[in-house]
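Working notes, structure below.
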Amino acid sequence: MRILITGAAGFLGSHLCDHLLADGHEVIGIDNFITGNPDNIAHLAGNEKFSFYKRDVSNYIFVTGKIDAILHFASPASPNPQSKSGYFNLPIQTMKAGALGTHNCLGIARHSGSRFLLASTSEIYGDPEVHPQAETYTGNVDPVGERAVYDEAKRFAESLTMAYHRFHGVNTSIVRIFNTYGPRMDLEDGRALPNLLKQALLGEPLTVYGDGSQTRSFCYVDDLVDGIVKLLYSNEHMPVNIGNPVEMTILQFAQAINKITGNSAGIVFKEDARSARDPQMRQPNISRAKQILHWEPKIDLEEGIRKTIPFFKQKLGLA
Ligand code: UDP
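Take 1 as the starting number for the sequence shown in my numbering and just add one per residue.
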């Protein structure tokens with residue numbers, strides 16, 4: 001296939017490029033680098049099946065030739081208010097990537113007869129009142145809440161995707177991505193894994209926000225990408241959760257990181273600006289992915305963190 005990936009220089013986009021090239025496809029990547037990093041795709045320079053264009057997906061995208069599939073992964077995604085690459089500091093760009101960017105990609109898919117895959121998010125469930133979250137749960141979100149620029153943009157993107165599917169017959173799919181970690185994460189984006197693993201490798205105490213009783217379920221990137229590609233190759237049109245269902249409190253997560261890295265500096269509890277709007281729990285119900293895609297994650301937290309450490313050490317100058 002000839003595949004277009006938006007957000008190709010991002011954490012997930014770049015891993016998708018690698019996976020799809022390894023599967024023998026031709027990949028065209030676009031990214032405007034507001035949160036993506038050219039280092040993530042530097043190793044693909046010279047690969048004759050890969051081409052790259054610096055573009056903003058919220059502007060009209062011109063592509064020549066037939067496109068068989070489009071994966072729309074361009075968007076800021078970190079909720080950290082302190083991070084300059086987080087969506088709090090890129091609110092308009094985030095809404096434009098989710099709304100106008102999705103519209104542009106669907107336009108190409110419609111005219112090219114392509115399969116379209118939207119990167120959606122567990123954030124569409126908001127601070128959930130149903131646990132774990134199945135795709136049938138419609139969410140607890142606030143259109144004027146502080147996370148709305150991200151979660152409402154993604155909810156709009158899902159609605160637009162279904163409109164193109166139902167009204168124009170476009171072959172669409174929607175993946176709802178839960179917390180994911182691995183090499184090529186932005187160490188400065190303020191999320192739990194980059195913050196805590198960086199602190200552990202530097203021998204510093206780990207900053208746990210609030211009392212650390214809030215839960216998340218962390219998926220290693222290779223497992224996630226494997227699930228996304230299976231969805232791309234399927235004929236499924238309704239949303240599918242992809243994530244690791246092993247749920248833990250953030251305190252347990254921090255303790256596990258200290259244990260795996262041998263960090264003896266302990267944990268400090270910190271009030272964070274985001275605490276008031278932090279979802280209190282999050283765990284994917286992956287029954288649909290298991291049933292439709294025959295997919296489930298294989299890499300546990302310890303193995304995933306061990307696979308992530310070399311990248312962090314290299315970025316921190318510790319390798
Ligand atoms: N968190 C933390 N310490 C940090 C960074 C994050 O305790 O240094 C917590 C944060 O409050 C949240 C969880 O870790 O409860 C996951 O945060 P992340 O930014 O990774 O993503 P989210 O799941 O909120 O989108």
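Just so it is clear, CB atoms sit at the ideal spot from N, CA and C, and this is done for glycine as well. Note that the structure is a prediction, hence the values are computed from the model and not measured.
- Excluding sequence positions up to five before and after LEU4, its CB lies within less than 6 Å of the CB of ILE28, ILE67 and ILE70, all in the same chain and listed in chain order.
- For the options LEU193, ARG277, GLU296 and PRO279, the alpha carbon positioned closest to that of ASN285 is the one of GLU296.
- In the three-state scheme derived from DSSP, where H, G and I count as helix and E and B as strand, PRO284 is classed as strand.
- Here LYS54 is bridged, per DSSP, to ASP31.
- For the 7 Å CB-CB criterion, SER83 and GLY190 form a contact.
- For LEU316, the three-state secondary structure derived from DSSP is coil.
- Your pair ASP56 and ASN89 does not check out as a contact, with CB atoms roughly 17 Å apart and the cut at 8 Å.
- Straight-line spacing of the CA atoms in ASN171 and TYR150 works out to 24 Å.
- The nearest non-hydrogen atom of the ligand UDP is 6 Å or more from the C-beta of TYR87.
- By the C-beta criterion, the stretch 128–138 is judged not to be in contact with the stretch 159–167, since fewer than 3 inter-stretch pairs fall below 8 Å.
- For the 7 Å CB-CB criterion, LEU118 and ALA157 form a contact.
- Take the alpha-carbon of GLU129 and the one of MET281: they are about 9 Å apart.
- A straight line joining the alpha-carbon of GLN252 with that of ASN59 spans about 43 Å.
- Annotated three-state conformation of ALA9 is coil, per DSSP.
- Contact between the stretch 289–308 and the stretch 219–229 is established, with three or more Cβ pairs separated by less than 8 Å.
- For the ligand UDP, no non-hydrogen atom lies closer than 6 Å to the CB of ASP222.
- In the three-state reduction of the DSSP assignment, ARG184 falls in the coil class, being assigned neither a helical nor a strand state.
- In the same chain as SER85, and ignoring 5 residues on each side of it, the C-beta atoms closer than 8 Å to its own belong to ILE34, THR35, PRO76, SER78, ASP186, GLU188 and ASP189, in chain order.
- Of GLY107, LEU21 and VAL268, the smallest CA-CA separation from GLU204 is found for VAL268.
- Judged by DSSP in its simplified three-state form, GLN133 adopts strand.
- The DSSP assignment places no complete run of the beta strand (DSSP E) inside the stretch 137–176 (cut-off: 3 residues).
- The C-alpha of GLY266 is placed about 43 Å away from the C-alpha of THR102.
- Within 10 angstroms of the beta-carbon of ALA42 lie fewer than 16 other beta-carbons, which makes it exposed.
- For LEU21, the closest C-alpha among the options GLY46, ASN37, ASP39 and LEU301 is that of GLY46.
- The ligand UDP never approaches ARG277 closely enough for any of its heavy atoms to be under 6 Å from the residue's Cβ.
- Under the DSSP assignment, VAL268 falls outside any alpha helix (DSSP H), being part of the beta strand (DSSP E) whose first and last residues are 267–270.
- Around the beta-carbon of ALA148, 16 or more other beta-carbon atoms lie within 10 Å, marking it buried.
- Nearest Cα to THR161 within the set LYS313, CYS17 and HIS237: HIS237.
- In the DSSP assignment, ASN241 is bridged to ARG176.
- DSSP, reduced to helix, strand and coil, places GLY126 within a strand of the structure shown.
- Within the DSSP bridge table, the entry for PHE116 names ILE70 and THR172 as partners.
- Taking 6 Å as the cut-off, one finds no heavy atom of the ligand UDP near enough to the beta carbon of ASN140.
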